[in-house]
Amino acid sequence: MSSKTILNIITLGLVLFGLIFFIVGAVLGAVENKKQKRCTEEVAAVVIENRTVRSTSRNHGQSITYSPVFRYTYNGTDYETQTGYSSSPAVFSVGEKTTLFVDPDSPKTIYCPRLKVGKILSVIFSIIGAAFIIVPVIVNLVVRKRLY
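Residue numbers for the sequence shown follow this note's numbering, beginning at 498 and rising by one.
Quick look at the structure:
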């Protein structure tokens, strides 16, 4: 196999890897935007608990993050909802009041403007994906120009 072919295969592999990351970032962003558009009813909420989320990895051992549980009233009905995101340290203190937005068709579905995890993850994945798409292509072009 020629060095040109090897260079193209490596470039293609890295671009595909980047494309996967970029698509994941775009999907995370779209899900977050959809939730924000659906959750239009403003409610006052209080944090009643920070649930402990434990995860284990071979490299870092056990880590603990915290996912807030909110209590709020919508249309005369009380709800308790845990977000799908966790962080360390906890974003909210137990007893803290905040504003949430609920989906009028599904009041247990909430959007919390103070929780930026979904948007941050979307941006991070998109940037990493874009870098894995752009950098290998540029390197490929530069190397081709010098070698061939």
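The C-beta atom is built at its ideal place from N, Cα and C for all residues, glycine as well.
Determine the direct distance from the alpha carbon of residue j to that of residue i, and round the result to whole angstroms.
i: residue 529; j: residue 603; result: 16 Å
i: residue 592; j: residue 568; result: 10 Å
i: residue 640; j: residue 631; result: 14 Å
i: residue 548; j: residue 616; result: 22 Å
i: residue 557; j: residue 625; result: 22 Å
i: residue 599; j: residue 613; result: 16 Å
i: residue 580; j: residue 638; result: 45 Å
i: residue 559; j: residue 566; result: 22 Å
i: residue 618; j: residue 525; result: 7 Å
Determine the contact status of residue i and residue j, defining contact as a CB-CB distance below 8 Å.
i: residue 563; j: residue 542; result: no
i: residue 605; j: residue 582; result: no
i: residue 623; j: residue 527; result: no
i: residue 633; j: residue 511; result: yes
i: residue 544; j: residue 571; result: no
i: residue 601; j: residue 538; result: yes
i: residue 514; j: residue 627; result: no
i: residue 584; j: residue 561; result: no
- Could you name each continuous alpha helix (DSSP H) segment of 4 residues or more that falls completely within the segment 520–594, going from the start of the chain to the end? DSSP runs (the alpha helix (DSSP H)) wholly in the segment 520–594: none.
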